[in-house]
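FYI, the numbering for the sequence shown is 1 to 158, going by UniProt numbering.
Glycine residues also receive a C-beta, built at the ideal position from the N, C-alpha and C atoms.
Keep in mind the model is a prediction, meaning the values are calculated, not measured.
Only one structure is covered here, and it is reproduced in the block below.
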Amino acid sequence: MVRPALTMASIAERTFIAIKPDGVQRGLVGEIIKRFEQKGFKLVAMKFMHASEDLLREHYIDLKDRPFYPGLVEYMHSGPVVAMVWEGLNVVKAGRVMLGETNPADSKPGTIRGDFCIQMSRNIIHGSNSVENAEIEINLWFTPDELVDYTCCEHEWI
Ligand code: IDP
Ligand code: MG
């Protein structure tokens, strides 16, 4: 049997996922983590935290000139979030597909935003939109020692 070549770089791709304050308040933490686990991605880091306004302003710095930027920072600061790093083949792209579109109204049923929310300004989850941004966001939210290095038995088997 010829197996498709999987390079370490592609398997080890990482994305930054955050369950926003409304996702936490609505009790969707377990459901969201379950979806990433069931898909086959590997959890690398996770913390439950009330993010500072400085961190959130920096996280959304690309949107600083948009009219909704102050409200977005306020929303993200309104309660605790679950910040996570997930790893796996094409995890950035696959994560975005799992999230759905920015506007829940455009998100298909079966996606997280398609299944659990209705408003763009309360869309329960964040996911990096490129490999480059994932790296920036991971470095912004986590210190290197918070990224846990371990072997996942499932991955050894695959
Ligand atoms: P994304 O989260 O799907 O990557 P972005 O365009 O990066 O979408 O926007 C970041 C976040 O800002 C969105 O998830 C959403 O919460 C919020 N947002 C985006 N566009 C609007 C808008 O037009 N009105 C209010 N909030 C918005
Ligand atoms: Mg974005």
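Judged by DSSP in its simplified three-state form, Phe68 adopts coil rather than helix or strand. Annotation: the continuous alpha helix (DSSP H) that includes Lys39 extends over 29–39. The beta carbon of Leu56 sits no closer than 7 angstroms to any heavy atom of the ligand IDP. Rounded to the nearest whole angstrom, the C-alpha separation of Glu58 and Gly110 is 31 angstroms. With fewer than 16 other Cβ atoms inside 10 Å of its own Cβ, Val148 counts as exposed.
If you draw a 10 Å sphere on the C-beta of Pro70, you find fewer than 16 other C-beta atoms in it, and that means exposed.
Taken through DSSP and simplified to helix, strand or coil, Gly23 comes out as helix. Within the same chain, Thr15, Ile17, Gly95, Arg96, Leu99 come within 7 angstroms of Gly127 by CB-CB distance, once the 5 residues on both sides are set aside. Contact between the stretch 103–119 and the stretch 71–83 is not established, with fewer than three Cβ pairs separated by less than 8 angstroms. At a threshold of 7 angstroms, His50 does not count as near the ligand IDP, since its beta carbon sits no closer than that to any of the ligand's heavy atoms. A Cβ-Cβ separation of about 19 angstroms leaves Leu89 out of contact with Glu137 under the 8 angstroms criterion.
If only complete runs of 4 or more residues are kept, the stretch 88–134 shows the alpha helix (DSSP H) at 91–99, 112–116, in order along the chain.
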